[in-house]
Amino acid sequence: GGVGAVHRGGAETMDVSADLLEMGRTPMCVVSAGVKSILDIPKTLEVLETQGVTVATMGSDIFPAFFTANSGCKAPLRVDTVEQCAQIIHSSHKLGLQNAMLLTVPIPQHLAADGDLIQKATNTALKEA
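Under my numbering, residues 1 to 129 are what the sequence shown spells out, in order.
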């Protein structure tokens, strides 16, 4: 599923999903298909960085947007194997870090929605809201 995020306009409304803050204080690994494209992905990545959350994408340099593999944002970290991911988790544990790792796994291309179509529909919905 999708991880919580900063909502569009979140800089003014302070509408930030509680799970982002929880990831900043709980050592765990969250596996997700990314952040839903209707939300503010760049600001979400900023909040995660501020919270000290390690954010990695499996097999891609691009951060995924839940329904699509490409959010238009660079992945903060790329991992290509489960072993690399396990090593990061192990190192964090050994260092006594008290924050999470968010591992995003992009939706397979053959199952992904058309990113342009999703963006157009989102923009239309936001205008009508």
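Ideal Cβ positions, reconstructed from N, Cα and C, are used throughout, including at glycine. Bear in mind that the values here come from a model prediction, so they are computed numbers and not experimental data.
Cβ shell of residue i (< 8 Å), same chain only, five flanking positions each side left out
i	result
glutamate 49	Val55 and Pro76
Bridge partner(s) assigned by DSSP for residue i
i	result
valine 30	Leu102
alanine 56	Leu103
lysine 74	Ile62
Reduced DSSP secondary structure (H/G/I, E/B, other) of residue i
i	result
isoleucine 88	helix
aspartate 61	coil
alanine 18	helix
alanine 125	helix
aspartate 40	strand
valine 47	helix
valine 82	helix
Same chain, Cβ closer than 7 Å to residue i, five either side skipped, listed in chain order
i	result
glutamine 51	Leu20, Leu21, Met23, Gly24 and Asn99
C-beta neighbour in chain C for residue i, strict 8 Å
i	result
valine 31	Among the chains of the structure shown, chain C does not appear; only one protein chain is present.
Beta-carbon proximity list for residue i, same chain, < 6 Å, skipping 5 on both sides
i	result
valine 6	Val16, Asp40, Lys43, Thr44 and Val47
Between the stretch 21–30 and the stretch 63–75, do at least 3 Cβ pairs fall closer than 8 Å? no
Any contact between the stretch 31–45 and the stretch 103–110? By contact I mean 3 or more CB pairs, one from each, below 8 Å. yes
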